[in-house]
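What follows is one structure encoded as structure tokens, with my remarks underneath.
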């Protein structure tokens with residue numbers, strides 16, 4: 058038999074195959090990008106914008122941008138928002154003059170402005186009668202509600218220390234009575250009955266664990282949710298208003314005398 062002649066072929070694939078593979082990879086990447094761009098949804102865009110606004114904003118809350126579909130005329134929209142938010146600095150300035158700004162927290166929610174009041178600004182320990190000292194602040198809120206066709210939801214909250222008195226057998230009665238008395242004040246100031254609602258949560262919705270006197274003081278509070286019926290009056294700050302309000306909105310702190318009244322379980 059004749060010896061088989063060995064082939065002197067070069068090892069590996071032809072050089073053109075590497076170029077072809079690179080071209081196919083680039084084409085695949087190109088088509089993937091086209092598909093991904095075409096499938097971007099408005100919800101995802103809003104989430105990204107909301108994250109940016111949350112990072113740059115100053116109000117501590119669950120932030121969400123106004124739906125793009127509600128902004129029919131941006132100039133009119135921002136003008137109305139500016140008018141609404143002009144009321145907030147007035148309220149904060151009034152609290153500063155009264156030396157009570159540390160006991161009030163203002164938050165911007167997707168559809169409302171939330172006011173959180175430490176209980177000792179509004180009530181004495183274990184009682185539900187409103188203190189007259191805070192009436193000027195509540196009147197400012199009434200003005201905002203009347204001017205912009207708003208509604209108010211009042212929530213009463215206590216700590217977990219039981220209260221047992223003839224008038225308030227438990228924290229349920231105390232929290233409900235406090236919320237009702239705030240509602241009656243707004244009603245007496247001319248807010249329509251159909252625009253008011255209240256609820257007492259007792260100690261069922263604490264902000265922090267009831268493990269220390271300081272934490273219990275934070276849980277004793279009244280929350281007001283001021284909402285606006287028209288979509289164009291949803292409570293969102295525009296970027297220009299952020300700079301104007303930054304120096305006026307304090308961080309949430311407990312008041313100096315928030316440790317009082319522990320025995321009555323407010």
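Numbering (the working numbering), first residue to last: 58 to 323.
Think of the CB as a built atom: it goes at the ideal place given N, C-alpha and C, for glycine as much as any other residue.
Given the structure is predicted, the values throughout are model-derived calculations rather than measurements.
Close CB contacts of residue 236 within its chain, under the 8 Å cut and outside five residues either way in sequence, are with 211, 212, 213, 255, 256, 257 and 279 (chain order). Judged by DSSP in its simplified three-state form, residue 209 adopts strand.
Note that the C-beta distance between residue 180 and residue 186 is below 8 Å. If you look at residue 232, you'll find it in the alpha helix (DSSP H) that goes 228-245. Nearest in C-alpha terms to residue 206, of all of 247, 90 and 285, is 285. Under DSSP, the beta-bridge partners assigned to residue 257 are 213. Residue 238 and residue 260 do not touch by the CB rule: their CB atoms are close to 19 Å apart, not below 8 Å. For residue 196, the enclosing alpha helix (DSSP H) stretches over residues 192-204.
A straight line joining the alpha-carbon of residue 215 with that of residue 91 spans about 56 Å. Per DSSP, reduced to three states, the secondary structure at residue 278 is strand. Taking all protein chains in view, the Cβ of residue 184 is crowded by 16 or more other Cβ atoms within 10 Å, so the residue is classified as buried. Counted as a single uninterrupted DSSP element, the beta strand (DSSP E) harbouring residue 161 occupies residues 161-166. Around residue 282, the same chain offers 169, 171 and 210 as residues with beta carbons nearer than 6 Å, after the five sequence neighbours per side are excluded. For the pair residue 189 and residue 93, the Cα-to-Cα distance works out to about 60 Å. A distance below 6 Å between beta-carbons, with the five flanking residues on each side excluded, links residue 240 to the following residues of its chain, in chain order: 211, 253 and 255. Residue 148 and residue 265 have their C-alpha atoms roughly 26 Å apart. Annotated as distal: residue 145 and residue 152, with beta-carbon spacing of 8 Å or more. It is roughly 11 Å from the alpha-carbon of residue 182 to the alpha-carbon of residue 220. Residue 88 and residue 82 have their C-alpha atoms roughly 10 Å apart. Rounded to whole angstroms, the gap between the alpha carbons of residue 250 and residue 195 is 16 Å. As DSSP reads the structure, residue 169 sits in a beta bridge with 166 and 284.
It is roughly 16 Å from the alpha-carbon of residue 156 to the alpha-carbon of residue 197.
Approximately 6 Å separates the beta-carbon atoms of residue 248 and residue 199; this is inside 8 Å, confirming the contact.
Scanning 159, 173, 203 and 75 for the CA closest to the CA of residue 243 turns up 203. Note on geometry: alpha-carbon atoms of residue 158 and residue 275 lie some 15 Å from one another. Its Cα nearest to that of residue 176, the residue 232 stands out among 166, 150, 267 and 232.
In the DSSP assignment, residue 151 falls within the unbroken alpha helix (DSSP H) covering 144-154. Where residue 177 is concerned, the enclosing alpha helix (DSSP H) starts and stops at 176-179.
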